[in-house]
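Residue numbers (numbering that gives the first Met the number 0), protein chains in the order written: chain A, 0 to 495; chain B, 0 to 149; chain C, 0 to 628.
Heads up: the structure comes next, in structure tokens.
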Amino acid sequence: MNHLALPTVSYAALAPILFLLLGGVALMVLSALSRRPLAAGTVTGYSVLIGFGALISALAEYGHVNGAGPSSTVASAIAVDGFSAAIAVTVSVVVILASLLSHGYLRRMQIDAPAYHVLALTSASGAIIMAAANDLVVLFLGLEILSIALYVLAALNRRSAKSEEAALKYFILGGFSSAIFLFGIAFTYGATGSTNLQVITRTLGEGVAAKPGLLLAGLGLLLVGFFFKVAAVPFHLWTPDVYEGAPTPVTGFMAAAAKVGGFAALLRVLLTAMPQLSTNWTPVVYSVAVATLIGGAVLMVVQRDAKRMLAYSSINHAGFLLVGIVAATSAGISADLFYLFTYSVTALATFGIVTMLAGPRDDDAGIDRLSGLARRHPAIGAAMAILLLAQAGVPFTTGFIAKFSVIEAVVGHGSIPLAIIAMASAAVAVFAYLRLVATLYRTEDIATVDLGYDDSLTDGPAAFAIGLSVVVTIFFGIFPAALLDFGRTAVAHLLP
Amino acid sequence: MNAYLPVFILMIVGILFAGLSFVASGLLAPRKKPTAAKLAPYECGIVPEREPPQRFPVRFYLVAMIFIVFDIEIVFMYPFAVVFRQLALFGFLEVAAFSVVLFAALLYLVSNGALSWGPAVILTRGMPSRTSESTITRISATKSTDGQAA
Amino acid sequence: MNHLIFLIIAFPLLGGVSLIAMSRRVREPLAGWVATAAVGLSFLTTLGVFITLLGSHSGGPSHAVTQHLFDWINVGALHANMDLTVDPLSITMCLFVTGISTLIHLYSIGYMHGEKDFTKFFIYLNLFVASMLILVLGGNMLLTFTGWEGVGVCSYWLVSYYFQKDSAASAGKKAFIYNRVADVGFLLAMFVIFFNEHTLTYSKMTAHMSSLTLTMAVLALLFAAAGKSAQIPLFNWLPDAMEGPTPVSALIHAATMVTAGVYLLCRMHVVVSASPTGQWVICGIGLATAFVAATIATSQSDIKKGLAFSTVSQIGYMVLAVGTGDYVAAMFLMVAHAFFKALLFLGSGSVIHALDGEQEMGRMGGLRKYLPWTYGTFLFGWLAIIGVPPFAGFWAKGSVLDAVFGKSPWLWAGGLFTALLTAYYMSRLFYLTFTGSARFTEQGPNGEAAVAHPHESPWTMRLPLVILAFCSIFGGLLNLPWVHGFGLEAFLSPVFGSSLVVPADSMTKQFLLAGADALVAVLGLTIAWVLWRGRSERPELTPAFLAKVWYWDNFYDTIIGRPATALANFTAEVVDPLVLDGAVDGTAAAVGGLATRLRKVHNGQIRSYGVGIIFGLLVILVSFLVVVG
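As structure tokens, this is what we get:
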């Protein structure tokens, strides 16, 4: 009786994933078995604890990799390196913040709290799997874990037709893009004979990939799958509708987690598996980056709804992250890591505030409703203003450092036109952000508008998370060195 | 160019297949106009008593989906059973973990009333105390999920 | 004591900051006492440092002691640190700045009684003193510039103290803008010196530059000094600055801040003395200012404006002394002037206070019997400024004129004539205010309210008057011409070293010059007596040309104001709407148009979204095809 070659599994390296996944499953069982509905506070606290567990194990993995160098586990299907640890840290922070931000909302909307948290935890684990995947099939698995949970999350507010519509759109188009992505994996396998990233790059390096047509077709299909996930123009069309329709805290989570997972996987595939094809993919990423930067910024200007505006804002941010990929240097990757972390925090908190303002039924995030908010609620108005300015890239916020380091990387790479386009798009976007800030501080006609959300503003956990995010945004905006170093060290230990 | 040949061949075959299907159905389909009986939906030979497009509980779909999940589980179980001995303890544990996760999902579904008929448990659970407002919300929610009541 | 130098600045700064912090709780008169105490402590510290400096001669040839607080700017060759330098020159300034400030703070407690923003006034005053001391003690030009700007902004706040009044607000702006114009000179001087010397620290400065560069540097410094010290061509902000409360006029616009320009020139003596051309220009500007301001002062009807032009004129003398190279004479006049001019301003403030805010001398007269204290002290201030022996002004102005005679007899003649004018206009001011008949007891022609019984000021106001009168009487003792081992000259000359030019005249010549000074003073006094005894108006002696400041403001309005307004209108009406708005609107329209078109793609239909994805995919694949094929 011959045994199959069984893989060795380093559970310590998988700890962040296992924490989130098993935490989600355990919560599901608990909520199923408990006689009475679990209290919302308990569930939020549990979820935050799980997030902390994942965060600590991710930091431990980071420390371990710093000492022992990068490696791989589970038959080299999972990369254990600084990059995946850094993404795991980011995703854990996203989980913690998202749990706190959703607390009041779930209570207010009478949504089953465990359902949200189970799905969020599962989805987050998918994002980490995408980042850590060292094999295209595992990557696809992570993509699906992330996406399917997000489809359901988008439909969570079942009393809202918009939410259902958003979920359906996201589901259909997501399935479409997953199919394209899977097709891309198949072509790549056909051309190189493997789905393992190291094997692919070795094959490409030896020049034994006999069928460049198949290979490039595979590359193109993979790219489209990724571009869809990260909402790059012209594969972004779902974004505004879904962001607008989905429950607002879910939108925030989606904006953060999906972007982190998608970009992490894109970075890893392009820069570790297919660096030899950079002459082929750089022009594509370059043009998509240009389209994304311009499209996001320009369309942001004409939006009348805060959630749609932030959707285009996230598209514009995706353009900046693509700029970091065009740089394709370790400076570019570490700039992208910094960008992903800081963007996640700001975007989550921004959507957290929009949650507070979107009305008792979470159905109206019109910009006009925010008129004069800062005068009625100075703290919330100030937080919103700071977060928007951070997204706009104003100095002394993380947004500035993030944009600056990305552009610095791409200038170092020599793509000065792209840097100029990026900055021009940022200038256009600033207009939209500043208009929103100006709306917040408008004095006239605040008496006439019935805001109807005063009770939703007294949401302790959300306020705490927003305050924390504002502090992070400003602190790392003024003292970015530690976080930048974190990213650089992570990239230095990237599995080749 | 040469490298793209397989792709093109695949594409051409795909287009041909789609086109041929249309052509074939055009050639093979009967040319007579269908009678009313032929247009009626087929319900196991029984003459339909009600209008077919009427609404029925979405729970049918739910049960069907849950069935598919366990169907897929079986698909995994068969190959596992074949190499059960070679995979040894490791394989057993991995498949056990897989089954436990699925079972946990089943538990959740059952506790939420996915397999029971009537208003969704999940909706009645989320409401701590009854007020006139909550009742209105619940009733309207029930209506939209369970079309039969309307 | 030397490590406590920073306390000189720290006390008033702390006073100002703590008053800001407690401004809601602290009310009159506590705020005034806190501020006075802060400045008083600063004065005591200065005294301590001064005594230490006298006792030890450890500070090298120039007796300078530097306290290094911390590294401030350290970029390339530029090392500008927080260094406070105490040497005889700066300690002299510190002594009279803190001393007079203390007196004027005390005076203000009485004068500002009942003002709405009582606390705010003392905050500004304390911050002013702190800035002035930074200016004086700064060990490099950059630090001096910091204080220079600080006093500028405090001056702006204080001139516009009654900002509800249109004239006060405009006067504040005028003062600030003139000073900003002068700052260009300071900055240029710093640039020139740094490029040639690679340092801004006073003690490291040499004058190894080409003569052209040196002249440029000196002219830039003179321009800076002309702004702060109200010299031609930037002198006409000072009379308007009289819109501020009278203690402010006394402290900032007579005794301390306006002498900062002269101080700067003294500080930069190494550079100034190395440029003979520059020195001649300084002399010219000084004498011209002294003369022009004196002529204008003869025709002023407002008591404070009269004193203001007198200040301009006196500072002109100081600048003149700097031009001759006799820096000690300039400093001597500065100190003496601080005494008697502060006294005169505070006295006029006492008069104004007594007459419920009346400043027109046409509405005064005969105040001698109503305000005995004010009258008695003002008398000594008047005798001191016109140069009657043996009061302070006689000795101070005498030493300046001695030095000028050594430079050029022609300049001396001009200076002496100006001294005659000074004696004349100050006497006129004195007679109009204190002698003759009381003109305020009835309602005035323009509806001014009558004041039946002017009241003498409280003791907080009288005490400073008495002390300053004492100083005006005996101030000459600081630097008697026949005493060489003791006094300002002996104390200050190590600072200036070889830059200092002291006239070495024979005893006879000195007596003759001093006699001329005294004679001129008495002559001016007599002329005024003859012309103005019992009169309150003589239109033929106050021509519009002089009363309107030689039409100087109108001149600036014509050559700068109107063209600039025209240019501004042109940009506002033509450039802005067409060019700038055009560019901005064009961009906005382009973005908006593009967005409207792009927006149509987002029609909410899944099928068109799917088409978008397929379209993108096809573009990518075809591009690959083109590349590979």
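A virtual CB, placed ideally from N, CA and C, is assigned to each residue, including glycine.
What you are looking at is a predicted structure, and each value in this text was computed from that prediction instead of being measured.
Could you have a look at residue i and say whether DSSP puts it in helix, strand or coil?
i	result
residue 556 of chain C	helix
residue 488 of chain C	helix
residue 70 of chain A	strand
residue 86 of chain C	coil
residue 71 of chain C	strand
residue 267 of chain C	coil
residue 132 of chain A	strand
residue 198 of chain C	coil
residue 79 of chain C	strand
residue 570 of chain C	helix
residue 5 of chain A	coil
residue 365 of chain A	strand
Once the 5 residues before and after residue i are set aside, which same chain residues still bring their CB inside 6 Å of it?
i	result
residue 384 of chain C	339, 392 and 425
residue 230 of chain A	238, 314 and 317
residue 47 of chain A	95 and 98
residue 458 of chain A	103
residue 159 of chain C	167, 168 and 171
Is there at least one Cβ from chain B nearer than 7 Å to residue i's Cβ?
i	result
residue 276 of chain A	no
residue 0 of chain A	Below a pLDDT of 50, predicted positions are generally treated as unreliable, and residue 0 of chain A, at 47, falls in that range; no measurement from the model is reported.
CB-CB under 8 Å to residue i, same chain, minus the five flanking residues each way: which ones, in chain order?
i	result
residue 308 of chain A	299, 302, 366, 431 and 435
residue 509 of chain C	401 and 480
residue 361 of chain A	104, 108, 156, 159, 246, 247 and 354
residue 212 of chain C	191 and 195
Taking 7 Å as the threshold (beta carbon to beta carbon), is residue i in contact with chain C?
i	result
residue 172 of chain A	yes
residue 237 of chain A	yes
residue 161 of chain A	no
residue 427 of chain A	yes
residue 461 of chain A	no
residue 258 of chain A	no
residue 168 of chain A	yes
Sorted by chain position, which residues of the same chain lie with C-beta nearer than 7 Å to residue i's C-beta, five sequence neighbours on each side aside?
i	result
residue 164 of chain A	244
residue 153 of chain C	123, 126, 127 and 130
residue 352 of chain C	110 and 456
residue 465 of chain A	348, 351, 352 and 382
Is any beta-carbon of chain A found at less than 7 Å from that of residue i?
i	result
residue 608 of chain C	yes
residue 585 of chain C	no
residue 77 of chain B	no
residue 594 of chain C	yes
residue 100 of chain B	yes
residue 6 of chain B	yes
residue 597 of chain C	yes
residue 3 of chain B	yes
residue 620 of chain C	yes
Problem set entry | Contact list for the stretch 213–235 of chain A against chain B, Cβ threshold 7 Å | Taking 7 Å as the Cβ-Cβ cut-off against chain B, the residues of the stretch 213–235 of chain A that qualify are 213 and 216.
Exercise. Which residues, taken in chain order from the stretch 61–72 of chain B, show a beta carbon closer than 7 Å to some beta carbon of chain A?
Worked result: Answer set for the stretch 61–72 of chain B: empty.
Exercise. Enumerated in chain order, which unbroken segments of the beta strand (DSSP E) with a length of 3 residues or greater are wholly contained in the stretch 32–98 of chain A?
Worked result: The beta strand (DSSP E) runs lying completely inside the stretch 32–98 of chain A and spanning 3 residues or more are 70–72 and 77–79, given in chain order.
Exercise. Relative to chain C, which residues along the stretch 298–309 of chain A have a C-beta separation below 7 Å, given in chain order?
Worked result: Answer set for the stretch 298–309 of chain A: 298, 300 and 301.
Problem set entry | Where the stretch 22–42 of chain A meets chain B: residues whose CB sits under 9 Å from a CB there | Correct list: 24, 25, 27, 28, 30, 31, 32, 33, 35 and 36.
Exercise. What are the residues of the stretch 82–95 of chain B that lie near chain A, defined by any Cβ-Cβ distance shorter than 8 Å?
Worked result: Residues of the stretch 82–95 of chain B that bring their beta carbon within less than 8 Å of a beta carbon in chain A comprise 82, 84, 85, 86, 87, 89 and 90, in sequence order.
Exercise. Taking Cβ-Cβ distances below 9 Å as the criterion, which residues of the stretch 175–189 of chain A are in contact with chain D?
Worked result: The structure shown contains no chain D; its protein chains are A, B and C.
Exercise. Counting only runs that start and end within the stretch 215–300 of chain A, where is the alpha helix (DSSP H) found for 4 or more residues in a row?
Worked result: Those alpha helix (DSSP H) runs which fall completely within the stretch 215–300 of chain A and span 4+ residues are 237–244, 247–267 and 277–300.
Problem set entry | Contact set between the stretch 541–573 of chain C and chain A, restricted to residues whose Cβ is under 9 Å from the partner | Taking 9 Å as the Cβ-Cβ cut-off against chain A, none of the residues of the stretch 541–573 of chain C qualify.
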